[in-house]
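Mind the numbering: the sequence shown is residues 32 to 326 in the working numbering, read in order.
Everything below concerns the one structure shown next.
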Amino acid sequence: MEVSYKQLKAFIEVATSSTFAEAANNLHVTQPALSSAIKKLEQQVGGRLFNRDTRNVGLTPEGEVLFPNALRLVRDWDNTFNDIQNLFALKKGHLTICAMPSFAESHLPALLSTFHNQAPNINLRVIDIVMEQVINEVATGRCELGISFEPERTDGLIFESLFEDQFVLVVNDEHELAENEICHWQDCLAYPLVMMNRGSAVRQWTETKLASYGALNIVAETGQLATLGKLIKHGMGISIMPSICGDHMKTLGLIPIEVNSDPLIKQIGLIRNARKGLSVPAQTLWDLIVKRYTE
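Okay, structure coming up:
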């Protein structure tokens, strides 16, 4: 059965009007065209839906059964396509993104504020998680876009670089190196180190770089950069971390120091699933972020 939206609208209009002429006028169609549409609908459902006389039109018992269902179908149809139009027009919707905590607390708030001004009715959900989880959330489709360091492997992902991050040494204000403006990798190896947990990309990058200059004395490790900062503050050791964490480390009273010989540099950028298109809100935010860092 191929009952159309227009037929249901015609049926509802006739059912709520006193005559076919009134219904036709409300629908802006001719009365013969409306009568033909109703006749075709009755043929499709298998019987009469209206009792007609020269003055009035009323629903048959079968028409009475169809009427509330027709109202529901038309309402659901209208709501469905209104929701889709609202999504395209950024008037309504949801967007889930994930970002490394270092980016989420430093760069992301200003970006999302700008996006919110453009699309105030898009509900945002921000998940701040470590790099490896960002990549997994995007790869599995739980987040439409993520912000992270460039993955070692980008199978099934699209990465767009925003800026580069040069890793820095971080010490507390009582450390011997605190007065230095620059240092070398060999300087770092002379002191106990606190590091990110094994398996993290940051740990792999920093450990590989330091190991090329000598033996490491790692005394503690943790899964969060914020905890790493607290360990440094309390004198457990020094650490190498992304410079994007520098402002947060300064709020803890710590001192980032540039490592200017053979610097460790990684790209930070946007990640999306290569096998899935972005929704209009996600594409809008993606374009906004890219524009912010490329202009």
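Heads up, the beta-carbon is just placed ideally off N, CA and C, and yes, glycines get one too.
- Closest option to M226, judged by alpha-carbon separation, among I213, E181 and V250: V250.
- For M162, the three-state secondary structure derived from DSSP is helix.
- Judged by DSSP in its simplified three-state form, P132 adopts helix.
- Closest in alpha carbon position to F190, among Q314, I158, N304 and S35, is N304.
- Distance check between E163 and each of G177, V157, N154 and L155 places G177 closest, using alpha-carbon atoms only.
- Beta-bridge partners of R303 (DSSP): L176 and I189.
- Within the DSSP bridge table, the entry for N82 names G89 as partners.
- Per DSSP, V201 lies in no alpha helix (DSSP H) segment; the continuous beta strand (DSSP E) that holds it begins and ends at V199 to N203.
- Of E53, L90 and E289, the smallest CA-CA separation from F198 is found for E289.
- Per DSSP, L142 is one residue of the alpha helix (DSSP H) stretching across L139 to Q149.
- Sorting N248, L247, T315 and L285 by C-alpha distance to the C-alpha of T258 places L285 at the top.
- Exposure of V96 is indicated by the presence of fewer than 16 other C-beta atoms within 10 angstroms of its C-beta.
- Residue state for R234 is assigned as helix, using DSSP reduced to three classes.
- In the same chain as K37, and ignoring 5 residues on each side of it, the C-beta atoms closer than 8 Å to its own belong to A68, in chain order.
- Per the coordinates, the alpha-carbon of F134 lies some 27 Å from the alpha-carbon of H206.
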